[in-house]
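Student: Each residue of the sequence shown is one higher than the last, beginning at -11 in the numbering used here.
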Amino acid sequence: MSSLRLFMQIAHNLSFSETARMTNVSQPALSRTIRLLEETLDVRLFDRNSRNVTLTTAGETLLPIVERLTADFDHAFTSVRQNFAGERGRVVVGALPSVAAGALPGMIAGFQAIYPLVEIILHDHLSGTLYQEMQDRQIDLAITTPPDEDNFQFEPLLEDDYVLVCRTGHAVDLPGTADWSIFAENPFIAMAARSSVRALTDTAFIKAAVSVKPLYECTQLATMGGLLAAGLGISALPQSTLAMLGQVTLVSRPLTAPMISRTIGMAWLADRTLPPAASAFLQHVLARWPRLAVGLASSNDPKS
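Below, the structure is given as structure tokens:
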């Protein structure tokens, strides 16, 4: 490419001496480069005498081709450099549904304000699916619960405390904390058995020595919100999920005895070198991840 660039510069300047000065190449070296290019193409590119340099017909034909080639090369080189620097490319991010609809969109918006040429693709799934997609390299990284296997890296972002959730005015809508035995005395609405939310509620019931059979089981938080708002029962949910319930008539209370929290963090394959754009996104999230808002009024708050 260097000989073609020198040819293009001479063609624009119509001066070997001026081109030599601009490119910091000696005039003998410049003349030798053009002579070798002419020998390679088996054609004369310039007519020159002591006072003038002009393009030959072959040179005039070659010039737009070289201009196009160098522009394409420069564009490709810039694109590659931006990819290596994380400034361009694609990041496939997985997240738990509650995270995907909660704090993550704001994080993506902040990242793309810094890296506008990076494409973000979002997969929202349950934790088990996210880890399988990372294993299959369908996604680069995920915001999820901790892995069960040691072939993943995991960096915690927050502890997501469980709270009791009920309709405003429900019998359990009282000030102060509640313990897990309250669910044995009231209809319980649970998340689906294979979800990370359900796994921890089941663990809490075992620790509290409480036997609870769900009256309803939901796969979607919006469904959970509708059932709770209708007064069909109460539930135990991580704080980060509350904004997803889609109801303004719900309140929450802290749960104790035992206190249960769901660890949320960033996970990726331990033996995989992340693409530069994915690595940049990872560092962005680790540096800026906020505590997630509760999203519902708490029964501990004074009521107007």
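No residue lacks a Cβ here, since even glycine has one placed at the ideal position from N, Cα and C.
In its own chain, which residues sit with a C-beta less than 6 Å from the C-beta of histidine 272, not counting the 5 before and 5 after it?
Tutor: Answer for histidine 272: Phe99, listed in chain order.
Student: Under the rule that 16 or more other beta-carbon atoms within 10 Å means buried, what is valine 236, buried or exposed?
Tutor: By the neighbour-count rule (16 or more Cβ atoms within 10 Å), valine 236 is not buried but exposed.
Student: From the DSSP output, which residues share a beta bridge with glutamine 141?
Tutor: Answer is Trp256.
Student: Take methionine 232 as the anchor and find which of Ile109, Arg9, Val87 and Ala(-1) has the nearest alpha-carbon.
Tutor: Ranking the options by Cα distance to methionine 232, first place goes to Val87.
Student: To the nearest angstrom, report how far apart alanine 59 and alanine 101 are at their CA atoms.
Tutor: Cα to Cα, the separation comes out at about 27 Å.
Student: Do tryptophan 256 and leucine 145 count as a contact pair if the criterion is CB distance below 8 Å?
Tutor: Against a cut-off of 8 Å, the Cβ pair of tryptophan 256 and leucine 145 comes out as no contact.
Student: What residue ranges within the stretch 39 to 70 form continuous beta strand (DSSP E) runs of no fewer than 3 residues, ordered along the chain?
Tutor: You should have 41 to 43.
Student: To the nearest angstrom, report how far apart leucine 33 and aspartate 124 are at their CA atoms.
Tutor: One C-alpha to the other measures close to 55 Å.
Student: Quick one: complete alpha helix (DSSP H) runs, 4+ long, within the stretch 77 to 118?
Tutor: 85 to 88 and 92 to 102, all fully within the stretch 77 to 118.
Student: Once you ignore the five residues that flank threonine 229 on each side, which residues in its own chain have a CB closer than 6 Å to its CB?
Tutor: If we look at threonine 229 and ignore the five residues flanking it on each side, its Cβ neighbours are Ser86 and Leu209.
Student: Between Ser38, Arg23 and Asn37, which lies nearest to valine 31 when the distance is taken from Cα to Cα?
Tutor: Of Ser38, Arg23 and Asn37, the residue nearest in Cα terms is Arg23.
Student: For a test of the three-state rule: what should DSSP assign to serine 3, helix, strand or coil?
Tutor: Serine 3 falls in the coil class under three-state DSSP.
Student: Go through its chain and collect everything with a Cβ distance to lysine 195's Cβ below 6 Å, but skip five positions before and after it.
Tutor: Here the set comprises Pro246.
Student: Residues in the same chain with beta-carbon distance under 7 Å from glutamate 26, minus the five sequence neighbours each way, listed in chain order, please.
Tutor: Answer for glutamate 26: Arg32 and Leu33, listed in chain order.
Student: The beta strand (DSSP E) with phenylalanine 34 in it runs from where to where?
Tutor: Residues 34 to 36.
Student: When you compare the CB positions of glutamine 118 and leucine 270, do they come within less than 8 Å of one another, or not?
Tutor: Note that residue 118 corresponds to leucine in the displayed sequence, not to glutamine. No; because the gap between Cβ atoms is not below 8 Å, this pair is not in contact.
Student: Taking only the alpha-carbon atoms, compute the straight-line gap between phenylalanine 140 and serine 115 and give it to the nearest angstrom.
Tutor: Distance between the alpha carbons of phenylalanine 140 and serine 115 is about 13 Å.
Student: In whole angstroms, what is the alpha-carbon distance linking threonine 132 and valine 79?
Tutor: One C-alpha to the other measures close to 16 Å.
Student: Given this structure, state the Cα-to-Cα distance separating aspartate 149 from aspartate 62, to the nearest angstrom.
Tutor: Computed Cα separation, rounded: 52 Å.
Student: Going along the chain, which residues of its own chain have a beta-carbon closer than 7 Å to the beta-carbon of alanine 258, five neighbours each way excluded?
Tutor: Same-chain partners within the cutoff: Asn139, Phe140 and Gln141.
Student: Using only alpha-carbon positions, find the residue among Met(-4), Val200 and Ala265 that is nearest to leucine 105.
Tutor: Comparing Cα positions, the closest option is Ala265.
Student: Measuring only the C-alpha atoms, how far is threonine 251 from proline 135?
Tutor: Those two C-alpha atoms are separated by around 11 Å.
Student: Just to confirm before moving on: does the CB-CB distance between valine 153 and leucine 238 stay below 8 Å?
Tutor: For valine 153 and leucine 238, yes; Cβs fall inside 8 Å.
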